[in-house]
Amino acid sequence: MLDEAQQPLVSIVLPTYNRAERLPRALRHCLQQTYSHLEVIVVDDGSKDDTPQVVAQFQKEDARVRYVRQDNQGLPAALNTGFRESRGEYLTWTSDDNWYHAEAIAIMARALEQRPTVSFVYCDYKAVDGAGNLLRPVPLAEPEVLMRENCVGACFLYRRRVYEQIGDYDCNLFLAEDYDYWLRVRQHFQMVHIPDVCPYSYGWHEDSLTERRLAGVASMTLRARLKNAANWQEKLVALAQIRPFLRILGRPLKKRLQTLLHRENLGANSAGDKAS
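The numbering of the sequence shown is the numbering used here, which starts it at 11 and goes up by one.
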């Protein structure tokens, strides 16, 4: 790892909305990284609680904290605001109910330093409850299966050149804006999974698991896949997630689709063997 004077600046965008009670933990864990050359850009999406005061207190104690406020526009717009304000060579974002472990940024920055041709890295994470108790580790798949599942998760880091080429998060794909972004990234840049480390805690809450929200995620995920499918085979793989679609297929098409899915699985397994 480079010494601090040589370290690329990391920009962490932290969007928030009416989460003044949860925000301090997320901010503290950003600032307690062993990789210290970073800035944390808190994007307040029009909060009506004490969020401005909470951030102001952190700013008194640490000059690396920046604050941007906007009218309430939703998560994708808040992310876009944050990244437009960013100055870092390495970029990422986190949520106000999740938190980094101390080595998270260092692990990912080291991976980018050691692989100049790689532009995007991601790690496994731990699912925790609202009190921070471990529910389970969440190992992730290799990027080759990205068209079939969102295997990137919530702990990732990418180079500024990714943002400069890919641009903004899609405000029309709320609930799948991240997945859509990763699908766009994979078309132009090399992505690498860092296995066997879980330097991030992801908070699971009842409000994130409602039937209505899960249905919204599924719908937007399908839209993201269809939007980014490179060919008709990938469109079929995306549509294969819909049971009514499978029912209307004839036997020959079902067999063809099963072959495509089998090949995709083989490709992902082969890539995983090479990575290990």
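Ideal placement from N, C-alpha and C gives every residue a C-beta, glycine not left out.
For residue i, three-class secondary structure by DSSP
| i | result |
| --- | --- |
| Gln175 | helix |
| Cys161 | coil |
| Leu37 | helix |
| Leu185 | coil |
| Phe68 | helix |
| Pro147 | strand |
Anticipated Cβ contact below 8 Å, residue i with residue j, distance rounded
| i | j | result |
| --- | --- | --- |
| Val131 | Ile22 | Contact flag wrong, Cβ pair sits at about 15 Å. |
| Trp192 | Val162 | 5 Å |
| Pro209 | His111 | 4 Å |
| Val138 | Tyr77 | Not a contact, Cβ separation roughly 27 Å. |
| Leu85 | Phe93 | That pair is no contact at about 13 Å. |
| Asp190 | Asn238 | 7 Å |
| Val227 | Val195 | Their Cβ separation, rounded to whole angstroms, is 20 Å, which puts Val227 and Val195 out of contact at 8 Å. |
| Arg233 | Leu167 | 26 Å between Cβ atoms; not a contact. |
Per DSSP, the bridge partner or partners of residue i
| i | result |
| --- | --- |
| Tyr51 | Checking the displayed sequence, the identity of residue 51 turns out to be Ile instead of Tyr. For Ile51, which the question treats as bridged, DSSP gives the partners Val23 and Arg76. |
| Gly213 | Val138 |
| Gln200 | Val128 |
| Tyr191 | None, per the DSSP bridge assignment. |
| Cys133 | Ile204 |
Buried or exposed (CB count within 10 angstroms, at least 16 for buried), residue i
| i | result |
| --- | --- |
| Thr127 | exposed |
| Ser229 | exposed |
| Glu152 | buried |
| Asp55 | buried |
| His215 | exposed |
| Asp81 | exposed |
| Pro147 | exposed |
| Phe17 | The displayed chain sequence assigns Gln, not Phe, to residue 17. Buried. |
| Ala87 | buried |
Residue range of the unbroken beta strand (DSSP E) whose run includes residue i
| i | result |
| --- | --- |
| Phe166 | Phe166 to Arg169 |
| Leu101 | Tyr100 to Trp103 |
Segment limits, alpha helix (DSSP H) that includes residue i
| i | result |
| --- | --- |
| Leu85 | Leu85 to Glu95 |
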